[in-house]
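Below you'll find the structure, written out as structure tokens, and then a few comments.
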RNA sequence: GACCCCAUCGUCUAGUGGCCUAGGACAUCAGCCUUUCACGCUGAAAACACGGGUUCGAGUCCCGUUGGGGUCGCCA
């Protein structure tokens with residue numbers, strides 16, 4: 006059997022991480038099995054669907070490098086076919102017209118709730134003759150679902166789940182305005198598109214039972230289901246798509262790398278022994294539904310963060326530069342100096358996100374004189390300042406400026422001053438970066454260049470004089 | 001409320017009846033390395049929700065309890 010999976014989001018909001026993981030699993034499973042992966046937008050609810058949401062979903066998926074086969078399918082474009090199938094069901098006596106008003110249904114539910122019965126439609130129009138139909142009401146079309154027996158869902162991750170048919174009601178297939186509901190549309194599309202495996206959040210588990218009833222009414226083969234547990238927030242509560250902070254877009258803007266997000270999402274609910282860092286290629290080779298866990302996972306930002314730090318470290322310098330450039334040019338009015346590139350290996354190792362990377366390179370971008378932050382200021386005592394003045398002339402005498410020449414100069418200087426290297430490095434770092442932490446001091450000086458280094462050193466001295474130190 | 005699902009360190013998880021005095025990772029703490037920070041390395045603390053069975057033997061199987069989650073729309 007050829008594998009065809011699909012990601013079928015409703016375009017009512019941003020792509021959140023739960024959806025992204027569902028997409029990832031579907032994509033991985035399809036790629037693993039040399040199958041197809043389809044992106045289908047479930048927009049049968051025209052009131053809530055927006056083009057912006059479609060764009061957000063598409064761009065989120067693209068950013069994650071999750072690609073789909075063929076064009077994006079809009080479910081609403083297949084409306085005719087859905088109606089056709091509903092009519093087939095109607096003429097086969099597997100569906101019927103229901104003339105209940107919304108108010109009547111509300112009352113029905115209310116009564117059921119009070120009586121402690123399942124809150125479902127009681128099927129009152131199921132066997133009524135069409136002569137009873139009120140002439141001024143346009144009916145909905147409901148499925149004539151089996152009333153007895155059980156519907157069993159054979160699920161790749163949940164196992165066998167049995168639902169008593171008495172718990173399920175005659176669901177609406179076509180609304181009174183003639184449009185198809187999700188329940189019908191999803192079944193028809195999954196069938197017509199030859200979807201072999203339906204991998205989705207387990208909030209759809211109950212829907213699976215209902216959809217199986219539609220399949221059997223139609224005599225269609227039921228696809229293989231895999232309902233994966235939802236991702237919860239840190240507090241254990243369900244992640245809401247209303248929360249923008251959980252969106253793929255927000256992680257992108259917070260400076261996370263797509264491969265880190267993918268790796269993190271993959272490990273949420275799926276494991277391959279003790280492996281933690283898993284490349285996308287390994288994931289394709291290894292992914293299986295049997296290793297998907299059944300219990301919901303909580304979203305843990307520090308794990309994502311540490312994975313991101315890992316992918317930052319192994320990322321190509323040039324690529325990181327490209328990623329960071331647009332953000333850099335937004336904040337400064339000059340082109341970034343070459344030092345940004347030359348120092349990238351040291352900078353990226355100290356940055357957990359792209360945002361941190363930018364922060365960590367800020368001292369390279371600032372114009373003189375530098376702002377010295379509070380922590381750095383502590384290293385600039387009057388003793389240190391005079392030491393720095395002597396260091397200025399020492400550094401000035403270096404003929405060829407490089408990490409190694411700077412290092413040997415500093416080490417020599419330490420010997421003549423009878424100081425430990427650290428006692429020189431820290432004030433020096435404070436003076437040339439304005440911070441107490443930075444990449445290695447030799448590399449920093451080398452990247453800054455001789456002129457800039459000496460000028461920054463002089464700045465500190467003059468500022469101190471001005472302040473009367 | 002009814003129905004369904006779930007339950008191992010704080011978090012993500014390994015574990016498919018003996019290999020478990022429960023392993024890994026993140027986070028935490030201590031130390032080493034060291035020009036700072038980070039990386040790296042070493043170590044520490046940290047869990048089978050509870051109660052009953054089944055079995056020679058249970059984290060692993062069964063039942064119950066508790067706790068969490070999901071679903072009950074002319075939304076998807």
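Residue numbers (my numbering): 6 to 474.
All residues carry an ideal CB built from backbone N, CA and C; glycine is no exception.
Predicted, not measured: the structure shown is a model, and the values here were computed from it.
Query                                                                                                          : Result
Cβ separation of residue 450 and residue 411, assumed to be a contact under 8 Å, to the nearest whole Å        : 5 Å
Top-ranked residue by Cα proximity to residue 180, from 135, 33, 140, 104                                      : 104
Proximity below 8 Å, CB of residue 166 to CB of residue 95                                                     : no
For residue 256 and residue 228, the rounded distance between their alpha carbons                              : 34 Å
Alpha-carbon spacing of residue 415 relative to residue 438, whole angstroms                                   : 17 Å
Beta-carbon gap between residue 125 and residue 214 smaller than 8 Å                                           : no
Per DSSP, cross-strand counterpart(s) of residue 155                                                           : 169
Residue ranges of each alpha helix (DSSP H) within the segment 296-355, 4 or longer                            : 306-319, 322-336, 344-347, 349-354
Buried or exposed (CB count within 10 angstroms, at least 16 for buried), residue 420                          : exposed
Cα-Cα separation between residue 33 and residue 288, rounded to whole angstroms                                : 7 Å
The segment 86-94 touching the segment 175-195, judged by at least three CB pairs closer than 8 Å              : yes
CA-to-CA distance, residue 394 to residue 312, given in whole angstroms                                        : 43 Å
Residue closest to residue 402, alpha-carbon to alpha-carbon, out of 442, 459, 44                              : 459
When 99, 376, 424, 423 are compared against residue 462, the one with the closest alpha-carbon                 : 376
N- and C-terminal bounds of the alpha helix (DSSP H) containing residue 232                                    : Taken as a continuous stretch (DSSP letters only), residue 232 belongs to no alpha helix (DSSP H), being part of the beta strand (DSSP E) at 229-233.
Helix, strand or coil at residue 470 [DSSP, three-state]                                                       : helix
DSSP-derived helix/strand/coil call for residue 125                                                            : coil
Helix, strand or coil at residue 41 [DSSP, three-state]                                                        : strand
The segment 49-67 contacting the segment 309-328, beta-carbon criterion three pairs below 8 Å                  : no
Classification of residue 247 by the beta-carbon crowding that lies within 10 angstroms, buried from 16 upward : Residue placement at residue 247 is flagged as unreliable, the pLDDT there being 45, under the threshold of 50; a coordinate-derived value is accordingly withheld.
For residue 408, the three-state DSSP class (helix, strand or coil)                                            : helix
Closest by C-alpha distance to residue 324, when choosing among 455, 345, 440                                  : 345
Close beta carbons around residue 273, own chain, < 8 Å, minus the five adjacent residues each side            : 26, 236, 302, 304
Per DSSP, the bridge partner or partners of residue 203                                                        : 230
Residue closest to residue 15, alpha-carbon to alpha-carbon, out of 77, 37, 35, 151                            : 77
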